[in-house]
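Participant: Here it is, the structure in full.
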Amino acid sequence: MNDTPLKGLPPRVTVVEVGPRDGLQNEKGVIATADKIRFIDLLSEAGFPVIEATSFVSPRAIPQLADAAEVMAGITRRPGVRYTALVPNAKGMERALAAGLREVAVFTGASESFVQHNINMSIAGSIESFRPVLAMAREAGVRVRGYISTAFGCPYEGVVAPEAVKRVAGALLEIGVEELSIGDTIGVATPNQVVEVTGALAPLAGIERLAMHFHDTRGTALANVMTALQLGVAIFDSAAGGLGGCPYAPGASGNLATEDLLYLLSGLDVETGVDLEKVVAASAFLARARGQAPASRYYAAATAER
Ligand code: COA
Ligand code: ZN
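79 is the number of the first residue of the sequence shown in my numbering; add one for each residue after it.
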C-alpha cells in the first residue's frame, strides 16, 4: 500500500499498451508497416512492461493487421518488455509462434450476438476453438491471456449481467488462460458495474489475474479505473493517444488514452515504470502518420503548453 492521502491503492500497476493492436485494427486509412514498427519501437522505449503489438487473425476480417508477421520481424524487442498479439484459433497460434511470440491473447465476449459478429462463433464455440491454442501454448511455454469483451454492455443486447461474465471467465480459466482482461468494449460502464463485475470475478480468478480494459466513449473510463484500483485491480489496458475501438462495436471509438491513465496513476503515486513524455512522443509520431490528432486529454494539454 502506498502512503498517500487516498489509502488502499496498489503500489504498482501493470499498464498493458494495446494501441498498436486495439487501436490500429480499426483504422480507416492504411498505416505503413514501417510506421507501425516505429510506433511500437517508441512505445518500447517508453518502458511499458507489456505491448500488444498486432493480431494473427484472418486478414479478411482485419486487413489493417495483415502485416502482423512483418511488424513482429521489424520491431526492436526491448529486453524486459513482453510483446503479445491476438490469436483466434490454431492457425493464428502457428503464425504467432513462427513470429517468435512468447505471449498471446485469445478473445471472446460475454454476449452471444457480439461474439457472433466479431468472430463468427458462439461463446461456447469460441472456447472450443481456443482449446488447441492453449494446448500449443502449453507445449511452447507461451503465456495466454483471455479477453472478455462486452463485459458491461453490448451494442446488440444492452446491459450485460455480471453472471454472464462470470460464466465465460470460468470457462477461460478452465482451459488454462492465465489472465483475464475484462473489456468495456463500447464504453458504457460506470463504477457500480465495476464493483459488481470485479466482485463476481475476483473469487474465481484472484484479483491479481484480473485486468480492466476500459473505453472512454462516454467519459467514464478514469472513474472506472479509480474504482477498480480501490478494489485492488493492478493491471489496466490502454492505448496511446486513445486510439481505436472495435470494428464490430458501432460507436466504440476510443480506448482509454494511456497518457490520461498514466497522469492519474502518477498523481496517485502508483508506480508504472512508464515515461509519460515518451508516450506523448509516440502518440505525436503516430498522429503525423495518421494525419489526425490523438484523442487524449493529457496529450492535448501537454502539446498546447509547448
Ligand atoms: N490467420 C490467418 N488466416 C486465417 C486465420 C488466422 N488466424 N483464421 C482463419 N483464417 C483464414 C482461413 O484460412 C480462411 O481463408 P480461406 O477462405 O482463404 O481458406 C478464412 O480465414 C476463413 O476461415 P474460417 O476458419 O472459415 O473462419 P471465419 O471466416 O469463420 O472467421 C475468424 C473466424 C475468428 C478467423 C475471424 O472472424 C477473425 O479472424 N476475426 C477476428 C476479429 C477481430 O480481430 N476482432 C477484433 C477484436 S475486438
Ligand atoms: Zn479496447
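Using N, Cα and C, we set each Cβ at its ideal position, and we do this for glycine too.
What residue from 291, 231, 228, 114 has the CA that sits closest to residue 257's CA?
Facilitator: It is 291.
Participant: In the structure shown, what three-state DSSP assignment does residue 134 receive?
Facilitator: Looking at residue 134 - three-state DSSP - the assignment turns out to be coil, as it is neither helix nor strand.
Participant: Thinking residue 160 and residue 348 are a contact (beta carbons under 8 Å), I'd like their distance in whole angstroms, please.
Facilitator: 20 Å between Cβ atoms; not a contact.
Participant: Less than 8 Å between CB atoms is the rule here; does residue 311 satisfy it with respect to chain C?
Facilitator: Although the question refers to chain C, the structure presented lacks it and comprises just one protein chain.
Participant: May I ask you to report which of helix, strand or coil DSSP gives residue 289?
Facilitator: It is a strand residue.
Participant: How should residue 337 be labelled, buried or exposed, when 16 other C-beta atoms within 10 angstroms of its C-beta is the threshold for buried?
Facilitator: The residue in question, residue 337, is buried, as its Cβ has 16 or more Cβ neighbours within 10 Å.
Participant: Suppose only complete runs of 3+ residues qualify. What are the beta strand (DSSP E) ranges in the region 160–192, listed by chain order?
Facilitator: Runs found: 160–164, 181–187.
Participant: Collect the residues with a C-beta less than 5 Å away from any heavy atom of ligand 2 and give them in sequence order along the chain.
Facilitator: The set, ordered by position in the chain, is 100, 333.
Participant: Cutting at 6 Å between CB atoms, please list the residues of its own chain near residue 167, excluding the five before and the five after it.
Facilitator: Cβ within range, chain order: 207.
Participant: Pull up the DSSP beta-bridge partners for residue 335, would you.
Facilitator: Bridge partners of residue 335: 317.
Participant: Mind checking who residue 258 pairs with in its DSSP beta bridge?
Facilitator: Note: residue 258 sits in a beta bridge opposite 224, 288.
Participant: Can you give me the C-alpha to C-alpha distance between residue 128 and residue 98, rounded to a whole angstrom?
Facilitator: In a straight line, the C-alpha of residue 128 is about 12 Å away from that of residue 98.
Participant: Are there three or more Cβ pairs, one per stretch, closer than 8 Å when the region 238–246 is compared with the region 209–219?
Facilitator: No: fewer than three Cβ pairs fall under 8 Å.
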